[in-house]
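Undergrad:
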Amino acid sequence: MSTITFESVQLNSHLPQLVRRIDQEFITRDAVASLDFNPIHVDPVWAKKVNLLGAGTTIAHGLCTVSFLASTVTDWCYASGGFITRIESKFVAPVRPGDTVTCSGEVMELHPRDDGKSFVVIELLAKNDREQTVAWAKAFVRLPSQR
Numbered sequence: 002m003s004t005i006t007f008e009s010v011q012l013n014s015h016l017p018q019l020v021r022r023i024d025q026e027f028i029t030r031d032a033v034a035s036l037d038f039n040p041i042h043v044d045p046v047w048a049k050k051v052n053l054l055g056a057g058t059t060i061a062h063g064l065c066t067v068s069f070l071a072s073t074v075t076d077w078c079y080a081s082g083g084f085i086t087r088i089e090s091k092f093v094a095p096v097r098p099g100d101t102v103t104c105s106g107e108v109m110e111l112h113p114r115d116d117g118k119s120f121v122v123i124e125l126l127a128k129n130d131r132e133q134t135v136a137w138a139k140a141f142v143r144l145p146s147q148r
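The opening residue of the sequence shown carries number 2 in the numbering used here; numbering runs sequentially from there.
Structure, rendered in structure tokens:
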């Protein structure tokens with residue numbers, strides 16, 4: 002793996018994709034980690050009865066999906082010393098058990114700085130296996146400089 006520096010990044014370059022398969026066990030473990038035991042996440046019988054959004058299933062925590070988007074960035078640059086300074090996100094559709102979520106990113110802006118605080122802006126998308134966008138984000142990422 003090559004070192005990621007601000008100077009090595011090109012506008013419109015793509016980050017490696019991150020793929021996660023979601024099942025009820027994963028969602029339940031995330032509930033334990035987040036202490037969010039809302040029945041829409043952890044109770045399939047309740048979710049079927051309520052039939053939220055017409056699918057009758059539980060849904061994954063939205064912040065779990067954002068964590069996948071953030072991991073797309075950190076997997077790409079953290080080992081080189083890069084880090085996220087800000088992330089803005091929006092949930093578009095629920096992630097359900099059985100979904101495979103694929104996250105992708107593209108460098109949309111380059112912001113060189115003389116003080117060693119150069120950063121890039123990355124647009125991120127999370128899609129399910131039906132090609133439906135489930136979340137998007139914009140990450141502001143500080144990268145080390147070669148100078």
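Where a beta carbon is used, it is the ideal one built from N, C-alpha and C, also for glycine.
1) Roughly how many whole angstroms lie between the Cα atoms of A127 and P40?
2) On the DSSP letters alone, give me the boundaries of the alpha helix (DSSP H) that G63 sits inside.
3) Smallest Cα separation from A61: which of V135, V108 and K139?
4) Measuring CA to CA, which of W77, S81 and K91 is closest to S14?
5) Where do the N-terminal and C-terminal ends of the alpha helix (DSSP H) with E89 fall, by residue?
6) In three-state DSSP terms, what is K128?
7) DSSP three-state label for S105, please.
8) Along the chain, where does the beta strand (DSSP E) containing R22 start, and where does it finish?
9) Whether or not the stretch 53-70 and the stretch 131-145 are in contact is what I'm after, with contact meaning three or more pairs of Cβ atoms, one per stretch, closer than 8 Å; do they touch?
10) Our contact map puts S105 next to L16 with C-beta atoms below 8 Å; I'd like the distance itself, whole angstroms only.
11) Where does the unbroken alpha helix (DSSP H) through K50 begin, and where does it stop?
12) Given this structure, state the Cα-to-Cα distance separating D24 from L54, to the nearest angstrom.
13) Can you have a look at G83 and say buried or exposed, based on whether 16 or more other CB atoms are within 10 angstroms of its CB?
TA: Judging by the given coordinates:
1) Between A127 and P40, the C-alpha separation is close to 24 Å.
2) DSSP places G63 inside the alpha helix (DSSP H), whose first and last residues are G63 to C78.
3) Of all alpha-carbon atoms in V135, V108 and K139, the one lying nearest the alpha-carbon of A61 is that of V135.
4) Of the candidates W77, S81 and K91, the one whose C-alpha sits nearest the C-alpha of S14 is W77.
5) Where E89 is concerned, there is no enclosing alpha helix (DSSP H), although the beta strand (DSSP E) it sits in stretches over F84 to F92.
6) When secondary structure is reduced to three states using DSSP, K128 falls in the strand class.
7) It is a strand residue.
8) Counting along the chain, the beta strand (DSSP E) containing R22 begins and ends at L19 to R22.
9) Enough Cβ pairs lie closer than 8 Å, so yes.
10) Yes, they are in contact, since the Cβ atoms of S105 and L16 sit about 7 Å apart, within 8 Å.
11) Looking at the DSSP string, the run of the alpha helix (DSSP H) that includes K50 is P45 to V51.
12) Each residue's CA atom was taken as its position, placing D24 and L54 some 18 Å apart.
13) Here G83 is buried: its Cβ has 16 or more other Cβ atoms, across all protein chains shown, within 10 Å.
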